[in-house]
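Notes follow once the structure below has been shown.
Number of protein chains: 4
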Amino acid sequence: MQHAKKPSSTVGVGIIGYGYWGPNLVRNFAEQGAARLVAVSDLSVDRLTEVHARFPQVKVTTDCEDLIADPAVDAVVVATPVTSHFALARRALQAGKHVLVAKPITADSTQAMELIEAAEQRGLILMVDHTFLYTGAVQTIKQLVATGNLGQLYYFDSVRVNLGLFQKDVNVLWDLAVHDLSIMDYVLGVQPVAVAATGSAHIQGHQVNLAYLTCHFDGSLITHHHVNWLAPLKVRRTLIGGARQMIVYDDLEPSEKVKVYDKGITVAGDPQGARETMIGYRTGDMWAPQVSLTEGLRVEAQHFLECIIHGRQPLTDGHCGLRVVRILEAAARSLAEKGQPVTLASAGESPKASSLKLKVLERSA
Amino acid sequence: MQHAKKPSSTVGVGIIGYGYWGPNLVRNFAEQGAARLVAVSDLSVDRLTEVHARFPQVKVTTDCEDLIADPAVDAVVVATPVTSHFALARRALQAGKHVLVAKPITADSTQAMELIEAAEQRGLILMVDHTFLYTGAVQTIKQLVATGNLGQLYYFDSVRVNLGLFQKDVNVLWDLAVHDLSIMDYVLGVQPVAVAATGSAHIQGHQVNLAYLTCHFDGSLITHHHVNWLAPLKVRRTLIGGARQMIVYDDLEPSEKVKVYDKGITVAGDPQGARETMIGYRTGDMWAPQVSLTEGLRVEAQHFLECIIHGRQPLTDGHCGLRVVRILEAAARSLAEKGQPVTLASAGESPKASSLKLKVLERSA
Amino acid sequence: MQHAKKPSSTVGVGIIGYGYWGPNLVRNFAEQGAARLVAVSDLSVDRLTEVHARFPQVKVTTDCEDLIADPAVDAVVVATPVTSHFALARRALQAGKHVLVAKPITADSTQAMELIEAAEQRGLILMVDHTFLYTGAVQTIKQLVATGNLGQLYYFDSVRVNLGLFQKDVNVLWDLAVHDLSIMDYVLGVQPVAVAATGSAHIQGHQVNLAYLTCHFDGSLITHHHVNWLAPLKVRRTLIGGARQMIVYDDLEPSEKVKVYDKGITVAGDPQGARETMIGYRTGDMWAPQVSLTEGLRVEAQHFLECIIHGRQPLTDGHCGLRVVRILEAAARSLAEKGQPVTLASAGESPKASSLKLKVLERSA
Amino acid sequence: MQHAKKPSSTVGVGIIGYGYWGPNLVRNFAEQGAARLVAVSDLSVDRLTEVHARFPQVKVTTDCEDLIADPAVDAVVVATPVTSHFALARRALQAGKHVLVAKPITADSTQAMELIEAAEQRGLILMVDHTFLYTGAVQTIKQLVATGNLGQLYYFDSVRVNLGLFQKDVNVLWDLAVHDLSIMDYVLGVQPVAVAATGSAHIQGHQVNLAYLTCHFDGSLITHHHVNWLAPLKVRRTLIGGARQMIVYDDLEPSEKVKVYDKGITVAGDPQGARETMIGYRTGDMWAPQVSLTEGLRVEAQHFLECIIHGRQPLTDGHCGLRVVRILEAAARSLAEKGQPVTLASAGESPKASSLKLKVLERSA
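Protein chains in written order, with the numbering used here: chain E, 1 to 365; chain X, 366 to 730; chain D, 731 to 1095; chain S, 1096 to 1460.
Next comes the structure, spelled out in structure tokens:
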């Protein structure tokens, strides 16, 4: 029994890290026609044994330098603990590889800016794994908000809590809120001017496991993000309030993940010319648009490959990763001050992505 | 057809305010065997006409001074906008009447302290309408926490959001969070050392309609309260996390309002003597104890009457009301500073309730 | 304080039976501007004392003959156990009163036909209390089905189970399924050709408390109704399946009671001309139209009064009651035979309602 | 990189059929340490290509006779359409192989009895893939019922509906109800005396896609099973009612799949010595025992292998499959008669499993 060889124009992919998220990356890249899964590295021999059992044709190694140096590898996926993202991604970019980094892109904004610059100098793709942006639910929400039908945006309120998976190197904001911040950044398309965060570390010797993060914007828009590693229930719910419509996004719903409520208040001037406005309540239909249920990571893997092959800027590029890290940095400072608000600098942003010239995958030529 | 006359030892009750909440108070006091509903006052003649239609034997008046002065009235219930609570309750106490005040007890802590003192000087009952404390659900939670089975308390997280009922004289914290703060104060039995609050006012000319309030305590205990008048969904859910068990209290559940989860993490010292602790996850049974579904306000009305008749200190006395108002005051200051934490003074607390001598209802003798 | 007298053209209403459902009828007729609540009768003095306490101006009596004979009573509402419906309704019609009878209209179809005839002969309104037909949810469903957008109707499947309220004189089908049959009759607008029912009586000396009823129609349409007095959960859910759209009606949902699913299958002829059809699955949006949340009984009471005042045929007339009783009769026969199907006679239907001449309320002239 | 060779005592497994369910079987047997996945056969070359891509070491063939004849195959798993189960399982048994057959075991009871006899004559394992019996939820329910704490069993009511997957060779009862009947048979441990079924075929040229099946037992116990391929919602809910406790099993709940309600009614003799019993309602706590969330098929595969290796009778042996097929046969007859009840013959049952002598896997010696 014979298999057709994949065309030589496929992208050779190497994946560093086969822990919690790595297996999902490996599986998704393995199923992409445009990719060849070349190598996987991890510090654990047991995990590599597992990789080998499932994918005998893939090289496995405990030394990620081998993987980065491998000429068959065009693109490196970094799925290691946060503190190692920067060093590994930089090494890969220096070696001329395109890079996809797990979220958050780096442990601080200086590192993120350096990676952006390194990628831009070399015309390489730098993409961050903000995976929810590639789901049907978030794509639908983005489109709904973009129509303007919600009216003036009032708030974005997310809850992401469950029991489990304490991280060692980062606190719960860097682990869970990063998802909601990336969705918020994408859907709202504006950046906060100030951030306040509170939280608590309940387990001695461990980081903050419960936190509340508020982002303030110009005007009355406000966002809030509740994350918790120690909750008895799993909750994944976001409310987006507008003057005319409101959205409820519940990622645990099997199919109706996005619901649009034609609800709100009406404000009328007082007919007596008095100083008060009259508030009325408006309720209407609810509507749950069909959303694609394709796994976000599958869409994302395909997008990463297309960006490499066609030299396009990714949806979740380095700037996207940087914006989220800046909020997390400010939140960390606020958290240390029990909620003291921290102003976000708007300066220092790197040049617009559209002006960049990206290298088209050479090996595919 | 004849009705047995109520015994002369019943408490004569006058209710000021027949707006949103007043009808519930009127109905519940009308159904108490230990009470005679004597009079209702309101500024609206239409509303009084409604009272008269349903309760022809009850006096109605637009002048609350008539009601307070009425010698048949032993106890006055104040169910007016917050800003008028203090003046009306003070007048009633000065007239020698027992007083039940709607929540929050007053618009500031100075007023609350003055009412407490006025009541204590005269040996009168001063009670605040923290109605949830009289529900089966909160009573059950209180008992569960009191057993100590939850282990060290980690957090208390409440969400109380819905579409509607903008208040004119107070913001959403004074309207909705007051419920959760009263529950938290009762269940945890400790007072916060600092408060941080953020929020937003989305409707021009109106108060903050969406807010997030964090309370910090000695140790790692933290509480958070999310309230919103502009949400597409109605949510009434509180998570209480302990080291050994966790509680979910969902007031919208028709019968299983309180669920106890035998879940948590286990922390083990590293056997290698290294610096890290190992975290394990523990899941177990869930248990929903049967809770009384009797309306809280019914239990509360009965309790108020019993406190009057037997000279007992109410569960939700003036101190209880004061503690909640102090948190709300601190939250107001923090809110004005975008989340800047505000320290709560612990001093100035009035003498312990148990040392008071309360007047037993005289008219009943 | 004075009340405007109700105009003399109001309908004088007498209500027989103040047990489980009676208080709802009394409350709703008391709130109708077009009605004067004249009298209430019940066999229990305690219950009448309760009525008197709430409505001192209403006559109370243990003898329903007094009520029926009262010249101030224009219309009689019968809310007694099923076995007494026929005798009481007939007496009231014979006394020249309009009649509203609780569901089911009578204990058998012969009785129902006799009532219909008695009312038609005298030009009096005869209405059955199929209260769900007056809810916003069922009205919305009726309209949705009437548009034809569902495509060919496939099935109507209802579940109405809970713990409680064993009836003494009827089994669970006559108590609970009557609601679903009335909704089905109204929404589908066609009558079954055969009925099959199974069930069980679990408590010695009591009637069948759990039953399953299937109605067969011409074509492939089928309906099924599951009722149970001994369920641990309360469920009120109906699925209506059509070729193009499907409806889920969940009466326990606080606001989104009706959901329309743009789902179904597509059937394509086999392109090879073979004998098989190919089935595809089609999923689309879900939509929850806003439904009026006004209490059905309130709308129904108003409708009854309007039918009397303007001489109109009621939505839930005697024929409506009869059609449901015929199904229940057939179900009883099938139940006795462990599910043996019973054919429904289509003959014997009384003349079309539209041909009748109804008496306009005379006292109002 | 080397892998330890599996010991020679492992069971060689061949799987016939790689359609809807086959991939799950392949995956689960591939992960069992006690098995060697030797070969997979299917009529589709495309599917075999897929198998080869994932499991390069496994033989693939379009001719199942090759697989059955393969001396490396000790056990054959039949996962083909129902109509072919009998012939394939018989061939495998004749070839001396142990057999696991997908549900339902055969297309009629004569075939099932023949397979049972064939296996028993040869001392081979014959097992049917009633996969739900191997889940933590059903195991927990079995234990709860076995304690007797539920009191007298009243009913077992299951709903298994969704949109999709019309089968060609069997109707919806043989596809979906088979799951519920196997659970019912296991949990209750008694066999019905009569069966009634109704349903409808909505799509021309296709089988009944919506059906309702009732089983009657000695005494008042009744079970009912609602299955539908054309529902807008996915529902997987079973109610089990007992005199003292009731169980709700909702397989779509992520973790609390089994809930025990301490609810019911109390029946008291009439103190007046009259003929009526008095009914009271009892509500109490609800309790959700922790259930194992291990995939049922994983447990089942392991059990099949253990039965082979140690010569044990499987939990879901041929008799188990036969009992379910007998109910389905009776249901088919009732369905054709619009619900006419069909009596189940209790005779003809094969000898008790415990008396059998099973062959211990020889190749492992």
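Glycine included, each C-beta is placed from N, C-alpha and C at the ideal position.
List, in order along the chain, the chain D residues whose C-beta lies closer than 7 Å to that of residue i?
{"i": "Pro-421 of chain X", "result": "Pro-786"}
{"i": "Met-1279 of chain S", "result": "What Met-1279 of chain S touches in chain D: nothing, since even the nearest Cβ is about 15 Å away."}
State the CB to CB distance for the pair residue i and residue j, rounded to an integer number of angstroms; the pair is presumed to be in contact (CB under 8 Å).
{"i": "Trp-1017 of chain D", "j": "Asp-285 of chain E", "result": "7 Å"}
{"i": "Tyr-519 of chain X", "j": "Leu-586 of chain X", "result": "7 Å"}
{"i": "Arg-890 of chain D", "j": "Leu-911 of chain D", "result": "Wrong, their Cβ atoms sit about 11 Å apart, outside the cutoff."}
{"i": "Val-689 of chain X", "j": "Val-543 of chain X", "result": "6 Å"}
{"i": "Ala-437 of chain X", "j": "Gly-377 of chain X", "result": "5 Å"}
{"i": "Leu-108 of chain E", "j": "Glu-329 of chain E", "result": "A small fix is needed here, since residue 108 of chain E is Asp in this sequence, not Leu. Indeed, because the Cβ distance is near 6 Å, the residues count as touching under 8 Å."}
{"i": "Ile-68 of chain E", "j": "Arg-47 of chain E", "result": "Actually they are not in contact, since the Cβ atoms of Ile-68 of chain E and Arg-47 of chain E sit about 19 Å apart, beyond 8 Å."}
I want to verify the contact list: residues of chain S whose CB lies under 8 Å from the CB of residue i, in sequence order.
{"i": "Tyr-1011 of chain D", "result": "Leu-1258, Gly-1259"}
{"i": "His-955 of chain D", "result": "None at all; the shortest Cβ gap to chain S is about 10 Å."}
{"i": "Ala-1062 of chain D", "result": "Per Cβ cutoff of 8 Å: no residues; Ala-1062 of chain D is ~15 Å from chain S at best."}
Nearer than 7 Å: is that true of the beta carbon of residue i relative to any heavy atom of the ligand NAP?
{"i": "Thr-512 of chain X", "result": "As for the ligand NAP, it is missing from this structure, which has no ligand bound."}
So residue i contacts chain D; which residues on that side make the cut at Cβ distance below 9 Å?
{"i": "Tyr-1356 of chain S", "result": "Leu-893, Pro-962, Leu-963"}
Quick one: list the residues of chain E neighbouring residue i, beta-carbon separation under 8 Å, in chain order.
{"i": "Pro-1019 of chain D", "result": "Asp-285"}
Per the DSSP calculation, residue i is bridged to which residue(s)?
{"i": "Asp-250 of chain E", "result": "E:Arg-237"}
{"i": "Phe-724 of chain D", "result": "Past the boundaries of the shown model lies residue 724 of chain D; chain D is included only from 731 to 1095, so the question cannot be answered."}
{"i": "Trp-1017 of chain D", "result": "E:Trp-287, D:Val-990"}
{"i": "Trp-1306 of chain S", "result": "The question names Trp, yet the displayed sequence has Ala at residue 1306 of chain S. According to DSSP, Ala-1306 of chain S bridges with S:Gly-1294, S:Val-1322."}
{"i": "Asp-1047 of chain D", "result": "D:Met-857"}
{"i": "His-581 of chain X", "result": "X:Ala-559, X:Ile-587"}
{"i": "Arg-1377 of chain S", "result": "S:Gly-1359"}
{"i": "Gly-744 of chain D", "result": "D:Ala-769, D:Val-806"}
{"i": "Leu-1258 of chain S", "result": "S:Leu-1325"}
{"i": "Val-342 of chain E", "result": "E:Val-195"}
For residue i, go through chain D and note every residue whose CB falls closer than 8 Å to its CB, in chain order.
{"i": "Glu-256 of chain E", "result": "Met-1016"}
Chain S partners of residue i, CB-CB under 9 Å?
{"i": "Val-997 of chain D", "result": "Ile-1298, Gln-1299, Gly-1300, His-1301"}
List, in order along the chain, the chain X residues whose C-beta lies closer than 9 Å to that of residue i?
{"i": "Pro-104 of chain E", "result": "Those do not exist, as Pro-104 of chain E stays about 21 Å from chain X at its closest Cβ, beyond 9 Å."}
Residues of chain E with a CB under 7 Å from the CB of residue i: which are they?
{"i": "Gly-377 of chain X", "result": "In chain order: nothing, as chain E lies at least about 37 Å away."}
Who are the neighbours of residue i on chain S, taking C-beta pairs under 7 Å?
{"i": "Met-976 of chain D", "result": "Pro-1327"}
task = Enumerate, from N- to C-terminal direction, the unbroken beta strand (DSSP E) stretches of 3 or more residues contained entirely within the segment 453-495 of chain X.
result = Counting only runs of 3 or more, we get 463-467, 491-494.
request  = Examine the Cβ distances between the segment 803-812 of chain D and the segment 749-762 of chain D and report whether three or more of them are shorter than 8 Å.
outcome  = These segments touch.
ask   = Quick one: any contact between the segment 884-896 of chain D and the segment 957-977 of chain D, if contact means 3 or more CB pairs under 8 Å?
value = With three or more CB-CB distances shorter than 8 Å, the segment 884-896 of chain D counts as touching the segment 957-977 of chain D.
ask   = What runs of the alpha helix (DSSP H), each 4 residues or longer, lie entirely inside the segment 23-79 of chain E?
value = Here the runs fully enclosed are 45-54, 64-69.
At least 3 beta-carbon pairs within less than 8 Å: the segment 553-569 of chain X vs the segment 200-207 of chain E = No, they do not touch.
inquiry  = Check whether the segment 1404-1417 of chain S and the segment 1205-1215 of chain S touch, using three or more Cβ-Cβ pairs below 8 Å as the test.
reply    = They touch, by the three-pair rule.
Touch test, the segment 34-42 of chain E against the segment 132-149 of chain E, Cβ-Cβ under 8 Å, three pairs minimum = Proximity of the segment 34-42 of chain E to the segment 132-149 of chain E falls short of the contact definition, fewer than three beta-carbon pairs being nearer than 8 Å.
query = So does the segment 823-831 of chain D actually touch the segment 852-869 of chain D, counting three or more Cβ pairs closer than 8 Å?
reply = With the cut-off at 8 Å, the segment 823-831 of chain D and the segment 852-869 of chain D touch.
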